[in-house]
Amino acid sequence: MSHRLRPIALAALCCFGLAACAETEFLVHTAKQFNGPSDSGGKLGRYKVGSPYQIKSVWYYPAEDYEYAETGIASWYGPNFHGKKTANGEIYNQNDLTAAHRTLPLPSAVRVTNLENGRSIILRINDRGPFAHGRIIDVSRRGAQLLGFERNGTAKVQVDILSDESRQLKVAAINGSEQQLQVAASPREAVISKPLPASGASAGSPPAQTATQTPVQTTPLEPTPVKPSRAPVLSSEVEVLPVSPTGIYVQAGAFSRLENALRMRDRVFDMGPTQISRFAVSGSEIYRVRIGPLDTVDVADLTLSQVMNAGVPEARLIVE
1 MSHRLRPIAL AALCCFGLAA CAETEFLVHT AKQFNGPSDS GGKLGRYKVG
51 SPYQIKSVWY YPAEDYEYAE TGIASWYGPN FHGKKTANGE IYNQNDLTAA
101 HRTLPLPSAV RVTNLENGRS IILRINDRGP FAHGRIIDVS RRGAQLLGFE
151 RNGTAKVQVD ILSDESRQLK VAAINGSEQQ LQVAASPREA VISKPLPASG
201 ASAGSPPAQT ATQTPVQTTP LEPTPVKPSR APVLSSEVEV LPVSPTGIYV
251 QAGAFSRLEN ALRMRDRVFD MGPTQISRFA VSGSEIYRVR IGPLDTVDVA
301 DLTLSQVMNA GVPEARLIVE
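Per this note's numbering, the very first residue in the sequence shown carries number 1; after that it's consecutive.
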């Protein structure tokens, strides 16, 4: 699975006058920040996209992106943040199926698939993070357990936003829903729904006979108050999906000019097997410089650190 380069991100970076147009935003090392206890009382948090923010010279651009899909490395966070306030005012519970993301709306829903074992679950984004090199999502401890990487600490994953559920979460949060988002296990057996019979008849009943019409006195109904939209119920079922073998790469940069890609390749050539690949974005050719495939996340982290220390702060990890 390949990480999709977004034309908007490419255009934004080019506007900053960079000779090298990077595929996506990049991460920096910093500790995850958290606040004190929240008074949210377990309710669905407020809706928040947020303004662009900067951490150690790196800018992040939160946005409503209902086509988001990315592959990369996931990590998990738990005890040190359990009971603390999340970025949208909820109380973080390491036993809930939630996650932190750098730019997706809060709250929103994503499907996270472990590309190493095929285990796949739905998580609710209610916090910001991770802000470490080479990580694209920080899942709760329970999420890591169900995905099968609690002990390892990291895993190669595919993250896809669930657009319908995320829009429902947005409406519920904006309308002030007091319902805690429910995550319910899917039934073991299929639930078959049947269409309701036509008005005035039941399924399988004989045709209605003509009756003498009798005048009926009608009473106007009082309008029913409109209740706030309720948060959707998300399944906690663990699915096992077919996955293909993937590799981990350090991407040193993505360039619109081949000569810039060649210079970057020469710069990082001694750090591992280096390659230049070409692909098209909105009719323009882009040249990616990557090191890999690398055997493990630890090796990839070490190589990424070497590339960044060599003066390439925009380097990042790619799973493909």
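Using N, Cα and C, we set each Cβ at its ideal position, and we do this for glycine too. None of these values were measured; they are calculated from a predicted model.
- The segment 99-117 makes contact with the segment 144-160: 3 or more CB pairs, one atom from each, lie closer than 8 Å.
- For L262, the uninterrupted alpha helix (DSSP H) segment begins and ends at L258 to V268.
- In the DSSP annotation of this structure, the continuous segment of the alpha helix (DSSP H) that includes L302 starts and ends at V297 to N309.
- When only Cα atoms are considered, V159 and A69 end up about 6 Å apart.
- In this structure, D127 is the residue among D295, D127, G50 and I73 with its C-alpha nearest to the C-alpha of K84.
- Straight-line measurement puts the Cα of L262 at about 33 Å from the Cα of G129.
- Note on geometry: alpha-carbon atoms of F255 and I286 lie some 5 Å from one another.
- DSSP places I248 in the uninterrupted beta strand (DSSP E) bounded by I248 to F255.
- Excluding residues up to 5 positions away in sequence, Q94, N95, D96 and L97 lie with their Cβ nearer than 7 Å to the Cβ of R142 in the same chain.
- When C-alpha distances from Q168 are compared across A132, P245 and V110, the shortest belongs to V110.
- For the set A99, W59, P107 and I91, the Cα lying nearest the Cα of K48 is the one of P107.
- Scanning its chain for C-beta atoms nearer than 6 Å, with the 5 sequence neighbours on each side dropped, one finds around E239 the residues S120, in chain order.
- R102 has its alpha-carbon roughly 26 Å from the corresponding atom of P293.
- By the CB criterion at 7 Å, T303 and M264 fall outside the cutoff.
- For V289, the CB contacts under 6 Å within the same chain, skipping 5 residues up- and downstream, are A252, G253, A261, M264, R265 and I276 in chain order.
- The DSSP assignment places 98-100, 108-114, 119-127 and 137-140 as complete runs of the beta strand (DSSP E) inside the segment 79-154, in order along the chain (cut-off: 3 residues).
- Nearest neighbour of S166 by Cα position, chosen from R257, P242, E64 and L241, turns out to be E64.
- By a beta-carbon distance limit of 8 Å, P105 contacts K170. Their separation comes to about 6 Å.
- In the structure shown, L294 adopts extended strand secondary structure according to DSSP, grouped into three states.
- Note on R316: 16 or more other CB atoms within 10 angstroms of its CB, so buried under the neighbour-count rule.
- Residues of the same chain with their beta carbon placed closer than 7 Å to that of D295 are lacking, with the five preceding and five following residues left out of the count.
- E285 carries a strand assignment under DSSP once its states are collapsed to helix, strand and coil.
- CA-to-CA, the gap between V157 and G134 works out to about 12 Å.
- In the DSSP assignment, R316 falls within the unbroken beta strand (DSSP E) covering R316 to V319.
- A direct Cα-to-Cα measurement between I248 and A99 gives close to 22 Å.
- Excluding sequence positions up to five before and after G50, its CB lies within less than 7 Å of the CB of P62, all in the same chain and listed in chain order.
- Here DSSP, grouped into helix, strand and coil, assigns A69 to strand.
- DSSP places R46 outside both helix and strand once states are collapsed to three, so it counts as coil.
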